[in-house]
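In the working numbering, the protein residues as written are 573 to 868.
What follows is a single structure, written as structure tokens, with notes after it.
Here is the structure:
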């Protein structure tokens with residue numbers, strides 16, 4: 573019996589398509605095992621996958637942030653509008669593709685693309701420092717977990733994924749997802765209430781799940797929601813030292829309006845997300861997250 577989960581009529585991914593699918597987090601469990609073997613034999617391809625994830629992260633970050641600077645926007649528009657327009661039938665003539673004007677038009681398009689990607693990388697470097705592959709991986713993961721945490725409070729469709737309703741069922745159900753039984757927090761000690769768990773798609777790694785909790789605000793405000801994402805460790809997951817907690821924040825001390833901690837125990841990665849640092853710290857005490865905190 574073939575244990576691969578892919579359809580027998582589907583052609584296996586090869587070459588660049590395989591690496592791009594890995595960067596997009598779209599590999600099946602069987603393909604993930606194949607990737608592990610491939611990277612062991614071709615370690616240089618890990619950097620190629622990191623580049624792909626970094627490029628996607630940069631583009632997404634720029635597209636979701638403030639608008640393009642006016643000076644850059646005007647420069648791109650000037651290059652595009654300076655070319656002559658032609659009718660669609662004219663493009664069918666062989667002579668059209670040999671004209672100087674067409675080369676200028678194609679050059680303008682290329683300039684726009686290059687400038688856009690260039691700004692993406694400059695903004696990413698400015699915000700996250702010079703260690704591009706590592707920081708880019710973290711940026712994509714942090715972007716996902718922070719957005720998913722926020723969306724669950726405002727989008728009813730997001731909560732449908734929480735098919736695990738009982739904390740007693742959580743350890744076994746989660747172990748079937750990530751391959752080993754994760755740490756389950758002492759809820760009573762911190763006054764927390766379990767609000768459900770289910771599968772999710774944390775980037776750059778293996779199978780993952782999302783757990784939600786609610787707890788009293790340590791500062792006396794409204795109840796705080798917390799998210800704990802767990803992820804199976806693979807060759808693509810960010811490189812975390814064990815017994816160290818990483819505070820993943822930007823220069824303003826928050827990540828997309830949230831505080832994000834990351835740590836690793838064995839072959840499972842954990843990402844804790846909350847709106848307030850004080851709520852994260854109370855959760856850390858209950859779960860026993862390593863006390864040593866390193867900014868990444």
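Glycine residues also receive a C-beta, built at the ideal position from the N, C-alpha and C atoms.
**Asked** Distance, Cα to Cα, residue 878 vs residue 739?
**Response** In the structure as shown, the chain begins at 573 and stops at 868. Residue 878 is therefore absent and cannot be evaluated.
**Prompt:** Is residue 786 helix, strand or coil when you go by DSSP?
**Reply:** In the chain shown, counting from the first residue as 1, residue 786 sits at position 214. The answer is strand: DSSP assigns residue 786 an E or B state.
**Message:** Tell me the rounded alpha-carbon separation between residue 771 and residue 733.
**Reply:** Indexing the chain shown from 1 puts residue 771 at position 199. Indexing the chain shown from 1 puts residue 733 at position 161. Taking the Cα positions, residue 771 is about 7 Å away from residue 733.
**Asked** Exposed or buried, what is residue 728 when buried is set at 16 or more other beta-carbons lying within 10 Å of its beta-carbon?
**Response** Here residue 728 corresponds to residue number 156 of the chain shown, with the count starting at 1. Its Cβ having fewer than 16 others within 10 Å, residue 728 is exposed.
**Message:** Measuring only the C-alpha atoms, how far is residue 866 from residue 831?
**Reply:** Here residue 866 corresponds to residue number 294 of the chain shown, with the count starting at 1. Here residue 831 corresponds to residue number 259 of the chain shown, with the count starting at 1. If you take the alpha carbons of residue 866 and residue 831, they lie about 14 Å apart.
**Request:** Report the three-state DSSP secondary structure of residue 830 (helix, strand or coil).
**Result:** Position 258 of the chain shown, counting from 1, holds the residue named residue 830. In this structure, residue 830 counts as strand in the three-state DSSP scheme.
**Request:** Could you check the C-alpha separation between residue 624 and residue 586 for me, to the nearest Å?
**Result:** In the chain shown, counting from the first residue as 1, residue 624 sits at position 52. In the chain shown, counting from the first residue as 1, residue 586 sits at position 14. About 16 Å.
**Nearest-angstrom Cα separation, counted from residue 588 out to residue 849** = By 1-based counting over the chain shown, the position of residue 849 is 277. By 1-based counting over the chain shown, the position of residue 588 is 16. Roughly 41 Å between the two C-alpha positions.
**Message:** Out of 833, 748, 847, which one is the CA nearest neighbour of residue 793?
**Reply:** The residue you call residue 793 lines up with position 221 of the chain shown. Ranking the options by Cα distance to residue 793, first place goes to 847.
**Message:** Can you tell me whether residue 726 is buried or exposed? The criterion is at least 16 other CB atoms within 10 Å of its CB, across all chains shown.
**Reply:** Here residue 726 refers to the residue found at position 154 of the chain shown. Burial call: exposed.
**Asked** From residue 783 to residue 759, what does the alpha carbon distance come to, in whole angstroms?
**Response** Counting from 1 along the chain shown, the entry for residue 783 is found at position 211. Counting from 1 along the chain shown, the entry for residue 759 is found at position 187. Distance between the alpha carbons of residue 783 and residue 759: 13 Å.
**Request:** At 4 residues or longer, and completely inside the stretch 833-863: list those alpha helix (DSSP H) runs for me, N to C.
**Result:** Whole alpha helix (DSSP H) segments, 4+ residues: 849-859.
**Every unbroken alpha helix (DSSP H) inside the stretch 585-618 [4 residues or more]** = Correct list: 587-595, 601-613.
**Asked** What is the DSSP secondary structure of residue 779, counted as helix, strand or coil?
**Response** Taking the chain shown and counting its residues from 1, one reaches residue 779 at position 207. The three-state secondary structure of residue 779, taken from DSSP, is coil.
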